[in-house]
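Structure representation (structure tokens):
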């Protein structure tokens with residue numbers, strides 16, 4: 011597919027080509043968080059080499075690459091699963107293009123005019139050239155399913171395109187507990203009318219009196235009383251003893267020690 015001129019000024023023979031320019035799609039590709047969250051505009055150029063002789067001779071759409079379906083397939087890749095590098099995105103677009111029967115080679119250019127570089131510039135892009143057959147040149151590093159049946163095998167299958175792996179499920183978010191409901195405000199007390207007497211307070215209930223403890227006898231007083239009564243008991247016992255020894259006497263005579271003298 012060289013484009014060098016042959017001797018005599020004639021161009022070298024090459025395959026026919028379908029060209030798509032500035033296909034716009036909004037994707038979320040990039041290494042920064044804000045690129046993944048906000049997204050940005052991407053523009054795709056595609057040169058697809060085909061052999062259009064049979065399609066042109068028979069005016070048969072099934073014998074060429076349907077560029078309308080191809081554009082939708084490329085758009086789906088750009089708006090699909092995010093990647094860090096536009097090189098990876100270009101590889102996926104090349105694999106999707108070569109999944110169309112009749113595409114022999116493809117050059118994909120991915121333009122990222124809103125790249126997060128704090129310098130004045132108009133555009134930044136990456137281009138890759140990939141071939142269907144290994145003998146013609148490098149093949150895409152990313153495989154994509156074929157989009158059409160082989161020639162002569164029947165009608166074309168529905169558009170499938172490159173189907174990326176689904177992104178991992180997001181981690182569950184922890185929902186904080188709702189705050190406690192505030193206590194209802196207390197109703198204000200009714201204001202007292204001016205000049206009105208204050209409401210009487212309920213009388214307080216007195217506490218029951220404590221019973222006094224019984225007095226305790228003084229041990230020293232008891233002992234003193236016993237000591238003072240001891241001589242009287244001794245004198246009484248002595249008189250009784252003398253009376254028994256002397257016998258009965260004159261009943262009119264005064265008793266000794268009871269008011270009379272000796």
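Numbering (my numbering), first residue to last: 11 to 272.
Just so you know, even glycine gets a beta-carbon here, dropped at the ideal spot from N, CA and C.
It should be emphasised that the depicted structure is a prediction, and the values quoted were computed from it without experimental measurement.
Alpha-carbon spacing of residue i relative to residue j, whole angstroms
i           : j           : result
residue 211 : residue 190 : 38 Å
residue 106 : residue 90  : 13 Å
residue 150 : residue 102 : 8 Å
residue 134 : residue 53  : 10 Å
residue 245 : residue 251 : 10 Å
residue 195 : residue 222 : 51 Å
residue 18  : residue 123 : 41 Å
residue 47  : residue 185 : 22 Å
residue 146 : residue 51  : 33 Å
residue 98  : residue 88  : 11 Å
residue 218 : residue 193 : 41 Å
residue 214 : residue 198 : 26 Å
residue 121 : residue 188 : 48 Å
residue 132 : residue 23  : 35 Å
residue 141 : residue 128 : 36 Å
residue 68  : residue 112 : 15 Å
residue 130 : residue 182 : 41 Å
residue 66  : residue 86  : 29 Å
residue 148 : residue 77  : 23 Å
residue 216 : residue 243 : 55 Å
Sub-8 Å separation of residue i and residue j beta-carbons
i           : j           : result
residue 26  : residue 83  : no
residue 30  : residue 56  : yes
residue 28  : residue 114 : no
residue 100 : residue 136 : yes
residue 75  : residue 93  : no
residue 80  : residue 110 : yes
N- and C-terminal bounds of the beta strand (DSSP E) containing residue i
i          : result
residue 32 : 26-37
residue 51 : 50-60
First through last residue of the alpha helix (DSSP H) which encompasses residue i
i           : result
residue 102 : 96-108
residue 79  : 77-88
residue 112 : That residue, residue 112, is in no alpha helix (DSSP H); it is neither H nor E in DSSP.
residue 64  : 63-68
Cutoff 6 Å; reference residue i; Cβ partners in own chain excluding five residues on either side
i           : result
residue 139 : 117
residue 34  : 53
residue 64  : 73
residue 143 : none
residue 32  : 53
residue 119 : 55, 135, 137
Bridge-paired residues (DSSP) for residue i
i           : result
residue 138 : 118
Own chain residues within Cβ distance below 8 Å of residue i, not counting five before or after
i           : result
residue 126 : 40, 42, 44, 45
residue 49  : 36, 37, 38
residue 248 : none
Residues of its chain near residue i, where Cβ-Cβ distance is below 7 Å and the 5 sequence neighbours each way are ignored
i           : result
residue 220 : none
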